Structure formats: C-alpha cells, structure tokens
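These notes concern the structure reproduced below.
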Amino acid sequence: MSRDEDHKDDGFAQFEQFLEEWSRRDFLKRTGGAAAYLSFIGGGLAAFLEACAGGTSNNTPTAKKGGHVVEGNFSDIRTLNSMLSSDTASNQVIGLMFDGLLNYKKDGSLVAALAQDLPKTNSDGTVYTFKLRSGLKWSDGQPLTSDDVKFTYQLAYDSQYKDVTSPRRGDLSKYIKSIDTPDPQTVVITTTQVFAPFLSSHGRYGILPKHVLGSLDGKAINTAPFNTAPNVTCGAFKFVKWDKGQQVTMERNDNFWAGPPNLDQWIYKVLPDSVAVTNQLKTGEIDIGPVDPSHFDAVKSADNVAVTEFPVPTFTFYAYQLDAAKKGGKLFSDKAVRQALLFALNRDQVVSAVYFGHGSVANSVEPPISWAYKDKPQVLYSFDKAKAESMLESAGWTKGSDGIRAKNGLKLKFDMITNAGNKQRESMLQVMQQSWKDIGVDATPSLIQFPQLVSQITNIRTFDMFLVGFNFDEDPDQGQLWHSRNTVAGGFNGFDFKNSDVDSLLDQAVGTLDKTKRKQLYGQFQDIMSDVVPAPIILFNHGIWGVSKRVQGADFGPFNQFATRPWNHNVWVTDGK
Amino acid sequence: MLVRYVARRFLASLVVVLGVTLITLILMDRTRGTYVPGIDLNPSLRPEDIEHLRENLGLDRPFYVWYLTWLGSVLHGDFGHSMIDGSPVLSHILDRLPNTLELTATAIVIGVLVAVPLGVIGALRRGSKTDHALTVTSVAGFAVPQFWMGLMLILIFSVTLEQHGLPWLPSSGAFSAFNGGDFLDRVEHLVLPATVLSFFYTSQWSRFIRSSMLEVLSQDYIRTARAKGMSERRVVYLHGLRNALIPLITLIGLELPGLVSGGLVVEVVFGWPGIGKLAFERALQYDYTTVMGVTFFATLLVIAGNLLADLLYGALDPRIRYG
Numbered sequence: 004m005s006r007d008e009d010h011k012d013d014g015f016a017q018f019e020q021f022l023e024e025w026s027r028r029d030f031l032k033r034t035g036g037a038a039a040y041l042s043f044i045g046g047g048l049a050a051f052l053e054a055c056a057g058g059t060s061n062n063t064p065t066a067k068k069g070g071h072v073v074e075g076n077f078s079d080i081r082t083l084n085s086m087l088s089s090d091t092a093s094n095q096v097i098g099l100m101f102d103g104l105l106n107y108k109k110d111g112s113l114v115a116a117l118a119q120d121l122p123k124t125n126s127d128g129t130v131y132t133f134k135l136r137s138g139l140k141w142s143d144g145q146p147l148t149s150d151d152v153k154f155t156y157q158l159a160y161d162s163q164y165k166d167v168t169s170p171r172r173g174d175l176s177k178y179i180k181s182i183d184t185p186d187p188q189t190v191v192i193t194t195t196q197v198f199a200p201f202l203s204s205h206g207r208y209g210i211l212p213k214h215v216l217g218s219l220d221g222k223a224i225n226t227a228p229f230n231t232a233p234n235v236t237c238g239a240f241k242f243v244k245w246d247k248g249q250q251v252t253m254e255r256n257d258n259f260w261a262g263p264p265n266l267d268q269w270i271y272k273v274l275p276d277s278v279a280v281t282n283q284l285k286t287g288e289i290d291i292g293p294v295d296p297s298h299f300d301a302v303k304s305a306d307n308v309a310v311t312e313f314p315v316p317t318f319t320f321y322a323y324q325l326d327a328a329k330k331g332g333k334l335f336s337d338k339a340v341r342q343a344l345l346f347a348l349n350r351d352q353v354v355s356a357v358y359f360g361h362g363s364v365a366n367s368v369e370p371p372i373s374w375a376y377k378d379k380p381q382v383l384y385s386f387d388k389a390k391a392e393s394m395l396e397s398a399g400w401t402k403g404s405d406g407i408r409a410k411n412g413l414k415l416k417f418d419m420i421t422n423a424g425n426k427q428r429e430s431m432l433q434v435m436q437q438s439w440k441d442i443g444v445d446a447t448p449s450l451i452q453f454p455q456l457v458s459q460i461t462n463i464r465t466f467d468m469f470l471v472g473f474n475f476d477e478d479p480d481q482g483q484l485w486h487s488r489n490t491v492a493g494g495f496n497g498f499d500f501k502n503s504d505v506d507s508l509l510d511q512a513v514g515t516l517d518k519t520k521r522k523q524l525y526g527q528f529q530d531i532m533s534d535v536v537p538a539p540i541i542l543f544n545h546g547i548w549g550v551s552k553r554v555q556g557a558d559f560g561p562f563n564q565f566a567t568r569p570w571n572h573n574v575w576v577t578d579g580k
Numbered sequence: 126m127l128v129r130y131v132a133r134r135f136l137a138s139l140v141v142v143l144g145v146t147l148i149t150l151i152l153m154d155r156t157r158g159t160y161v162p163g164i165d166l167n168p169s170l171r172p173e174d175i176e177h178l179r180e181n182l183g184l185d186r187p188f189y190v191w192y193l194t195w196l197g198s199v200l201h202g203d204f205g206h207s208m209i210d211g212s213p214v215l216s217h218i219l220d221r222l223p224n225t226l227e228l229t230a231t232a233i234v235i236g237v238l239v240a241v242p243l244g245v246i247g248a249l250r251r252g253s254k255t256d257h258a259l260t261v262t263s264v265a266g267f268a269v270p271q272f273w274m275g276l277m278l279i280l281i282f283s284v285t286l287e288q289h290g291l292p293w294l295p296s297s298g299a300f301s302a303f304n305g306g307d308f309l310d311r312v313e314h315l316v317l318p319a320t321v322l323s324f325f326y327t328s329q330w331s332r333f334i335r336s337s338m339l340e341v342l343s344q345d346y347i348r349t350a351r352a353k354g355m356s357e358r359r360v361v362y363l364h365g366l367r368n369a370l371i372p373l374i375t376l377i378g379l380e381l382p383g384l385v386s387g388g389l390v391v392e393v394v395f396g397w398p399g400i401g402k403l404a405f406e407r408a409l410q411y412d413y414t415t416v417m418g419v420t421f422f423a424t425l426l427v428i429a430g431n432l433l434a435d436l437l438y439g440a441l442d443p444r445i446r447y448g
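As they're listed, the protein sequences go chains R and P.
According to this note's numbering, the first sequence holds residues 4 to 580 in order.
According to this note's numbering, the second sequence holds residues 126 to 448 in order.
Dropping the structure here:
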C-alpha cells in the first residue's frame with residue numbers, strides 16, 4: 004500500500020453484482036470482453052482469466068527477435084536490490100532483471116522459475132526442498148548455485164545481517180529456521196512452523212549474486228553500488244543504466260535460463276501522471292502502461308493500443324475506530340451503527356461514479372477471485388437506506404432538532420480521513436458524506452498527507468474513520484489486517500479490531516497446508532467478518548493496461564501485473580524495432 | 126575594501142544557510158508524525174523492524190542532535206545517503222544538475238533575449254496599442270499558472286498535432302526513451318518546458334525593463350545626449366539601455382537559485398528529470414537527507430547569486446561603492 008498505490012489500484016469483479024448493476028450490453032461495450040465474460044459464466048475462472056488476456060495473448064505464430072519496448076509508469080525506482088525494495092516501481096523493474104525460485108501464474112498459482120519444480124514438502128509441512136534448474140548462470144557467466152539462494156535469504160533472516168534494512172526481515176526471521184545447501188543445486192528451507200502462505204509470499208524474491216555482494220557486511224549492503232547499478236543479473240534482462248528521474252534501460256540477458264528473451268531492450272520510463280500515460284500510449288512514446296479508469300475510453304478509442312482489463316486483489320476500504328476509549332470508538336463500538344452505515348452506502352454507485360465502472364463490489368473481505376472467497380457470507384449488504392434508518396432507530400439513535408441522530412446525548416458525528424491528492428479516495432469520502440447525511444449522520448471528510456495518514460493508522464490512531472487502499476497476496480491469509488496481535492503500535496490493525504474467534508480461525512488457517520480445511524476455515528472467518536464489519540471494503544479494483552498493438556506476448560493478469568511476469572522474456576514486437 | 130565586503134557578506138550568509146536548513150528540518154520533523162521515510166504501509170514489518178529502521182536513520186534522536194550530526198558530515202563534504210533509496214545524496218543532485226541547468230539556462234537566455242526588446246519597445250511606444258498588447262501578455266504571463274500552461278501546450282503540441290498526423294513535440298522527459306539523447310532529440314524535448322518557463326521570465330523582466338527604461342529616458346543626461354544631436358538610436362541603446370539594464374542584473378542574480386531548484390512546477394508537469402522535481406518528490410516522502418542536501422545547495426546559490434549581482438552592480442554602475 005504505497006504512496007503510488009492508487010496508480011496501481013486494481014480489483015476483482017464480483018460478476019453477479021455486475022449482472023445486477025450493469026446491463027450486459029453496457030458491460031460488453033465497456034470492456035469489449037464479450038468472450039471473456041461469457042466464458043466466465045460458462046467455464047469458470049480459469050477460462051475467464053485466459054480470455055482476459057484479450058488481444059495481447061501470445062497465440063501468434065512466430066515471435067520476431069530484436070527490438071525494444073518502452074514501459075511507462077509514474078514512480079521512479081528506489082533500489083534494484085530485491086531484499087531491500089518495498090515499492091511497486093522497484094519491484095517491477097527488479098522482476099525484469101532478477102528471477103526468484105518461484106513465480107506466479109496469472110491466476111496466482113505458483114510456477115517454477117529458477118527452481119526446476121515446485122518444492123517437495125516434508126510430511127509435517129515445515130521443510131521445503133528446492134531443486135534448481137541445471138546449468139543456471141548469472142549474466143556474467145558465473146554459475147548460479149544454491150549458495151546464492153541461501154545468501155539472498157540470509158540478508159533478511161540471518162542475525163549476521165541484522166543491519167540490512169530489509170522490509171522482509173519481520174516475516175523471514177520469524178518463519179525461517181535454517182537454510183541448507185547439501186549440493187550446488189539443492190536448497191532446503193526449514194521453517195519454524197507450518198505457515199501456509201510461505202511459498203506464495205516468500206518464494207519469489209529475486210536471487211542476488213553472492214560473488215558480487217558476499218564480501219560486504221550488512222551496513223555496506225544497504226548502500227552498495229549494486230543496489231542502483233546491478234552489474235550482474237539472473238532474470239530475462241541485464242542492467243544498462245538508470246537515468247535518475249527519467250528511465251531505467253535494460254538489455255537482453257543471453258544467459259537467461261529460458262533462453263535469450265525476444266527483445267533486445269526493455270526500457271522503464273518514469274512519467275509525471277496518468278494523463279501522461281494515456282497521452283504517450285497514443286503517441287507511441289510508450290508501448291505499455293497502466294490506464295487510469297477515467298481514461299479507459301480515451302485509450303480504448305486509440306487505434307494503436309489494445310486495452311486489457313481484469314480483476315485484481317487490490318481494494319479500498321474504510322475502517323471504524325473500535326477503541327472504545329476514543330471518540331470514534333464510542334460511536335462505532337455499536338454494531339448497529341457499523342452495519343447501518345454500510346447499508347446506507349450505495350457501493351455500486353461509488354464504483355460507477357468514481358471508477359467509471361472499472362471495479363467491483365464484493366460480498367466479503369476476501370477477493371472474489373480468491374479460491375477462498377465466500378460469495379454468500381452470513382450477512383449480505385445491498386444498498387437499503389430504509390433498513391439503515393430503521394436499524395439506527397431501533398438501536399436508539401434518534402434524530403434531534405438539527406437532523407443529526409444522537410443517543411444518550413452522543414451525536415452521530417465524526418471525521419473521515421484519507422490522503423490528499425488521491426482524487427478517487429477524495430471523491431469516495433464525498434459520496435460517503437452525502438449518503439450518510441441522508442440518514443441523519445454527520446460525517447466530515449478531512450484530507451491529510453500520506454505520511455500523516457500512515458502515522459494515524461499505525462501509531463497515533465486518534466482518527467474516527469480512515470479510508471485507504473490495500474493489496475492482498477494470492478494467499479487468502481488476512482491476519483495482517485484483522486488479527487488482534489497487529490493492534491500493537493506499528494501494526495496495521497490500527498482500528499483496534501479484536502475478536503478471539505477471528506484470531507483463532509486465522510491462526511488455524513495458516514497452520515495447515517490442507518486446502519480444503521483452509522477453505523472451510525476462511526468461510527467461517529468471512530461469515531464473522533460480514534456480521535461484525537470492523538472495516539467494510541468499498542470495492543475491489545480492476546487492473547487496466549494499455550499495450551501498443553506492435554507489442555505481442557504481454558500477458559497481463561490479476562497476479563501478473565507488476566513484479567511477477569513469467570512471460571516477460573516472451574514479449575516481442577511485430578516491427579522488430 | 127572589496128575583499129572585506131565579500132568576507133563580511135560571506136560570514137553573514139553562513140547564518141542564512143544555518144537558518145534555512147534548520148527551519149527546513151524543523152518543518153519536516155514536526156509534521157512527520159511517526160512516519161519512517163522509505164517504508165510505506167508494509168504490513169510485514171514488525172514494530173521492532175520499524176524501530177530498527179528509525180535507529181538506522183537516526184530518527185530516534187531529537188531533531189537538533191540529528192541536525193548537528195548532519196551539519197558535521199556536510200562540513201566534511203559528506204551529504205549522506207537518501208533515506209528513501211540509500212543512494213548518495215550528492216549523486217542524486219549531481220545526476221540531475223545537468224538537466225536542470227539545461228532547462229533553466231535555456232529559459233533564462235530566451236527570457237532575456239525576448240524581454241529586453243519587448244521592454245524597450247514598450248517604453249518607447251508608451252501608451253500605444255503595441256504597449257497595451259505587451260502589457261496584457263505579460264500580465265497573462267504572471268497570472269496563468271505554469272502547470273496549466275504546460276498542460277495546454279502538451280494538449281496542443283503533443284496530443285492534438287499527433288492525432289492529426291502532423292509533426293509533434295514530446296511531452297515528457299529530457300530525451301527519448303529509446304536511442305535518445307543526441308542534440309536534436311534533447312532540443313525537441315526542451316521546447317515545451319523551456320517555453321513555459323521562459324514565458325514566465327519574459328513577462329516579469331519585460332515589465333521591469335520597460336519601467337526602468339522609462340525612468341532612465343527621463344533623466345537629464347538623456348536630454349543632454351539628445352540636445353547634443355546624438356541619433357535617437359544611440360541615445361536609446363548606448364545611454365538608455367545600458368543604464369536601464371543594471372537593475373535587471375539583480376533580478377537575474379536572484380534567479381540563480383532557480384537555475385538549480387529549477388522551474389519546480391515545470392519540471393513536475395513535464396516529467397523533467399531535474400532537481401526541482403527531486404526536491405518536490407522527496408519532500409513529500411520525508412527524505413530528510415535529500416531535501417536537506419538540495420536546500421543546502423539552493424541556499425548557497427541564492428547567496429552566491431545575490432553576491433554576484435551586487436558585485437556586478439558595482440562594476441556596471443560607478444556610483445556604487447562597497448564599504
């Protein structure tokens with residue numbers, strides 16, 4: 004959930020809602036994805052995801068060699084060290100130059116990258132044994148071995164490297180007990196406990212060259228020249244140069260394990276904003292770029308650009324202050340208030356007004372494309388103003404002379420914060436203000452800078468309500484947001500949601516690798532969440548990408564957007580330029 | 126005499142440098158809250174990791190301790206590493222400096238070349254239609270926000286021209302992404318941002334020269350020159366303009382820091398990889414070290430620019446004595 008995350012906002016489609024809210028023709032017209040839509044109805048998710056690739060799928064006869072692609076995005080990179088990066092831009096460029104053991108398919112399932120296959124797991128689910136592909140080489144010709152893999156992970160879990168400022172340290176030092184390398188092709192990772200999301204969360208970090216960085220200590224690694232100019236890589240491309248504030252230029256890595264990529268160059272270009280992305284897609288200055296929902300039609304109408312749209316696990320939610328000691332907590336500890344406010348909010352209208360229809364409302368906290376998604380949890384919320392009002396009435400919140408509801412002298416009046424500059428979030432607060440005013444609730448939007456918003460959520464926590472975006476991994480674990488242990492200072496459960504049943508279900512669900520059991524546990528979890536609504540999800544976003552028609556083989560999907568693109572070496576250009 | 130003057134100005138400016146950097150730091154520190162630069166809402170960070178990051182960055186110490194540590198390093202020529210990406214601050218500044226210089230120097234040169242003739246024409250034809258037209262244009266130059274003008278130029282000269290299959294100008298960056306960087310390519314990219322920036326300078330300076338010129342032309346020595354039978358051309362350009370230009374030196378001297386901080390707005394709108402854009406982005410991310418580095422540089426340049434202007438003043442205007 005980075006500063007620029009609003010740019011990468013995407014989401015899932017809850018397709019039944021789509022049916023209700025959009026005439027089918029309208030939807031088809033907007034997405035141009037008739038086949039995709041029908042195949043979803045008929046053939047389920049996998050078929051839908053395949054069809055989603057639309058005009059850019061790589062079913063074209065022969066790929067041409069040579070040429071270049073310019074990809075545009077909003078943020079400059081920060082670092083090219085996979086163990087130090089935490090922002091989308093850096094991860095995206097790292098993904099082009101560094102492969103991990105595993106990668107994602109676009110539906111989120113794992114696929115082997117540097118590893119030969121998915122790892123073998125021992126009987127109790129704590130030891131993963133990876134076999135590397137044979138003959139792996141770094142771009143400088145040195146062999147890539149299990150030592151490199153161990154070294155990479157050591158940077159974030161081994162106390163020897165505690166000075167490395169790795170954002171992965173929290174998880175890796177908690178879950179990794181040891182890494183052994185019985186031979187140059189074998190990596191054995193022993194974890195401290197069964198942790199179901201381990202592979203999907205931690206199996207795809209770009210592997211770093213020990214023969215370049217191995218001689219440095221932790222502090223030196225933080226500022227190593229390698230971080231901004233990696234002279235040795237193991238992904239599809241090699242580093243050429245970084246013109247700060249302008250672009251990163253990469254070229255073909257002939258030592259790539261899957262063979263040399265089709266393209267000679269991949270250029271990552273930094274653009275001022277989403278308007279520039281749209282303009283430069285049209286002018287051909289860039290070949291690939293993420294499209295803002297408000298520019299969808301503008302890009303769609305360009306002859307030279309193909310647009311692809313799909314649901315992704317990014318969402319926008321608002322959170323109620325639940326700490327009863329705080330002002331907001333006094334209002335929101337009443338479940339009727341939390342539920343009534345959600346009933347009074349027309350989320351479909353938000354999607355159409357703020358996201359121009361490029362997003363979807365879901366029934367649950369899990370993304371609709373997750374295998375753990377429960378479509379009909381215990382309580383369903385569809386827009387029902389009358390119901391909202393009667394709920395508040397019967398809970399004792401009655402309207403005063405000023406039209407604002409109150410109970411025992413306490414007015415239903417609060418502030419809502421989000422970060423200034425994110426126009427979608429700003430508009431959402433306005434819709435919420437108006438919707439709730441209609442039922443006698445006085446909510447005031449307030450815009451603050453992003454760093455202050457982060458402080459509010461993780462530490463200061465004097466807010467009544469905040470609105471922000473978040474992104475889930477492929478794994479349905481959502482402990483970071485809902486588990487009570489994350490109410491500690493610095494944790495992300497900043498709204499003080501504590502529910503022992505939820506804690507226990509979340510703990511059990513990550514403590515087993517049995518998918519059927521997990522699905523059932525997450526079902527129970529979603530039931531409870533739909534009833535207690537600590538922080539309702541307004542919508543799941545859609546990923547929208549514009550790809551020049553001269554570019555083939557770019558196969559974007561829900562889990563193949565930024566950092567994880569197993570197809571990047573297959574991309575080619577029809578004109579060979 | 127002059128040496129003593131310069132020395133005194135230098136000492137006084139040290140106070141300015143300290144003041145500006147200290148205020149910058151206090152502003153950042155007081156508004157930062159508990160935000161740790163470089164980390165976003167990353168849920169896999171434990172509180173102890175965040176604490177560790179804070180210690181690494183020195184943010185666990187009070188701001189005055191941080192300031193003194195920073196000042197100590199700067200005096201040793203070490204501007205430290207960015208809190209966001211770990212790269213040396215100096216390399217961030219130096220990498221972008223050529224781009225900013227390219228843009229602002231071009232804009233200033235165009236600005237002077239256009240502003241001087243316009244100012245003179247305005248003064249000589251005071252009250253005429255031409256003068257009114259120039260006045261309106263330059264007021265527009267003040268009034269039109271640079272970002273808006275930038276967007277309009279992009280819309281017209283990039284998007285619309287391209288749509289009609291006409292030659293068009295690139296809308297962002299300092300050179301083409303692919304195989305760019307030769308002289309013509311850079312000039313193409315320079316046209317739009319330099320136009321916006323120089324329009325602003327031109328508006329400002331042409332007004333200034335006009336009034337300065339009017340003042341000079343009413344002086345006794347101009348009347349004397351005319352009475353001597355000197356040609357009007359010589360009167361205006363030799364006696365008038367030379368004197369009228371003196372105050373402009375101050376103005377341009379004051380723009381020297383602009384050479385570095387650049388047209389911040391212009392850089393942001395056109396995605397120009399310069400120092401203004403760097404400062405802007407890093408201020409939003411609370412990258413203390415980078416912002417302090419840029420501030421330090423910019424302050425030094427303001428002072429140097431002022432000093433240079435004062436000295437040039439003396440060289441051009443013999444009535445001024447330093448003491």
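Ideal Cβ positions, reconstructed from N, Cα and C, are used throughout, including at glycine.
These numbers come from a predicted model, not from an experiment.
Leu-441 (chain P) classed as buried or exposed, judged by whether at least 16 other C-beta atoms fall within 10 angstroms: That one is exposed.
What would DSSP say about His-314 (chain P), mapped onto helix, strand or coil? DSSP, reduced to helix, strand and coil, places His-314 (chain P) within a helical segment of the structure shown.
Cβ of Val-142 (chain P) less than 9 Å from any chain R Cβ? Cβ-Cβ to chain R under 9 Å: no for Val-142 (chain P).
Should Ser-89 (chain R) be flagged as near chain P, meaning a C-beta pair shorter than 9 Å? For Ser-89 (chain R), the answer is yes, since a Cβ of chain P falls inside 9 Å of its Cβ.
Please decide whether Lys-449 (chain P) counts as near chain R, where near means a Cβ-Cβ distance under 9 Å. With chain P represented from 126 up to 448, any question about residue 449 (chain P) goes unanswered, as that position is not in the structure.
Length of the line joining the Cα atoms of Val-2 (chain R) and Asp-418 (chain R): This structure cannot settle anything about residue 2 (chain R), because the visible part of chain R is limited to 4 through 580.
CB contact check: Gln-410 (chain P) to chain R, cutoff 9 Å: Interface criterion met: the Cβ of Gln-410 (chain P) is under 9 Å from a Cβ in chain R.
Leu-334 (chain R): which of R:Asp-530, R:Asn-307, R:Ala-391, R:Leu-413 sits nearest, CA to CA? For the options R:Asp-530, R:Asn-307, R:Ala-391, R:Leu-413, the alpha carbon positioned closest to that of Leu-334 (chain R) is the one of R:Leu-413.
What do you get for Thr-311 (chain R), buried or exposed, if any count of 16 or more other CB atoms within 10 angstroms of its CB means buried? Taking all protein chains shown into account, Thr-311 (chain R) has 16 or more neighbouring C-beta atoms within 10 Å of its C-beta and is therefore buried.
According to the neighbour-count rule (16 or more other Cβ atoms, all chains shown, within 10 Å of its Cβ), is Asn-304 (chain P) buried or exposed? Exposed.
In chain order, what residues of the same chain lie with their CB nearer than 7 Å to the CB of Gly-399 (chain R), ignoring the 5 residues before and after it? Same-chain partners within the cutoff: Lys-410.
Since His-545 (chain R) is in the beta strand (DSSP E), which residue starts that stretch and which ends it? Note, His-545 (chain R): beta strand (DSSP E), 540 to 551.
How long is the line joining the alpha carbons of Gly-549 (chain R) and Ile-279 (chain P), rounded to whole angstroms? The C-alpha of Gly-549 (chain R) lies about 20 Å from the C-alpha of Ile-279 (chain P).
For the beta strand (DSSP E) containing Trp-397 (chain P), name the first residue and the last one. Note, Trp-397 (chain P): premise wrong, no beta strand (DSSP E); not H, not E.
So, with DSSP's three-state summary, where would you put Met-117 (chain P)? Residue 117 (chain P) lies beyond the residue range present for chain P, which begins at 126 and ends at 448; the question has no answer from this structure.
Supposed contact pair Leu-249 (chain P) and Val-361 (chain P) - C-beta distance, whole angstroms, cut 8 Å: Right, their Cβ atoms sit about 7 Å apart.
Between the alpha carbons of Ala-38 (chain R) and Thr-65 (chain R), how many angstroms are there, rounded? With a pLDDT of only 35 at Ala-38 (chain R), under the threshold of 50, the placement of this residue in the model should not be trusted; the figure read from the coordinates follows. Each residue's alpha carbon lies about 24 Å from the other.
Just the Cα atoms here: how many angstroms apart are Tyr-192 (chain P) and Ile-372 (chain R)? Between Tyr-192 (chain P) and Ile-372 (chain R), the C-alpha separation is close to 50 Å.
For the beta strand (DSSP E) containing Ala-322 (chain R), name the first residue and the last one. That run of the beta strand (DSSP E) goes 308 to 323.
Lys-580 (chain R) by DSSP, collapsed to three states: which one? Coil.
For Pro-213 (chain P), which of R:Thr-132, R:Ala-232, R:Gly-128, R:Lys-109 has the nearest alpha-carbon? Ranking R:Thr-132, R:Ala-232, R:Gly-128, R:Lys-109 by CA distance to the CA of Pro-213 (chain P) puts R:Ala-232 first.
Contacting residues, own chain, Cβ-Cβ under 7 Å from Lys-390 (chain R) (five flanking each side not counted): Phe-346.
For His-217 (chain P), would you say it is in contact with chain R, using Cβ-to-Cβ distances shorter than 9 Å as the test? His-217 (chain P) counts as touching chain R.
Could you give the DSSP three-state label for Arg-155 (chain P): helix, strand or coil? Three-state result, Arg-155 (chain P): helix.
Nearest-angstrom Cα distance between Ala-230 (chain P) and Phe-300 (chain P)? Straight-line spacing of the CA atoms in Ala-230 (chain P) and Phe-300 (chain P) works out to 17 Å.
Buried or exposed: where does Trp-273 (chain P) fall if 16 or more other Cβ atoms within 10 Å of its Cβ makes it buried? Answer is exposed; the Cβ neighbour count stays below 16.
Which ranges does the alpha helix (DSSP H) cover as unbroken runs of at least 4 residues, wholly within the stretch 411 to 453 of chain R, from first to last along the chain? Fully enclosed alpha helix (DSSP H) runs of 4 or longer: 426 to 440.
Can you give the Cα-Cα distance for Pro-569 (chain R) and Trp-269 (chain R), rounded to whole angstroms? Taking the straight line from one Cα to the other gives about 15 Å.
So, are the CB atoms of Val-152 (chain R) and Leu-135 (chain R) less than 9 Å apart? For Val-152 (chain R) and Leu-135 (chain R), yes; Cβs fall inside 9 Å.
DSSP-derived helix/strand/coil call for Leu-291 (chain P): Correct three-state label for Leu-291 (chain P): coil.
Positions along the stretch 265 to 287 of chain P whose CB lies within less than 9 Å of some CB in chain R: Within the stretch 265 to 287 of chain P, contact with chain R at the beta-carbon level (separation under 9 Å) is assigned to Leu-276, Ile-279, Leu-280, Ser-283, Val-284, Glu-287.
Nearest to Pro-264 (chain R) (by Cα), restricted to the options R:Gly-70, R:Phe-469, R:Phe-466: The shortest C-alpha separation from Pro-264 (chain R) is found at R:Gly-70.
Can you check whether the CB of Arg-428 (chain R) is closer than 9 Å to the CB of Val-471 (chain R)? Going by beta carbons, Val-471 (chain R) and Arg-428 (chain R) fall inside the 9 Å limit.
Members of the stretch 474 to 504 of chain R near chain P, C-beta cut-off 8 Å: Against chain P - using a Cβ distance shorter than 8 Å - the residues of the stretch 474 to 504 of chain R are Gln-483, Leu-484, Asn-489, Val-491, Ala-492, Gly-493, Gly-494, Phe-495.
Tell me the start and end of each unbroken alpha helix (DSSP H) in the stretch 323 to 386 of chain P that is at least 4 residues and wholly inside, in chain order. Within the stretch 323 to 386 of chain P, the complete alpha helix (DSSP H) runs of at least 4 residues are 345 to 352, 371 to 386.
Given a threshold of 16 other Cβ atoms within 10 Å of its Cβ, counted over all protein chains shown, does Ala-159 (chain R) qualify as buried or as exposed? With 16 or more other CB atoms across the displayed protein chains lying within 10 angstroms of its CB, Ala-159 (chain R) is buried.
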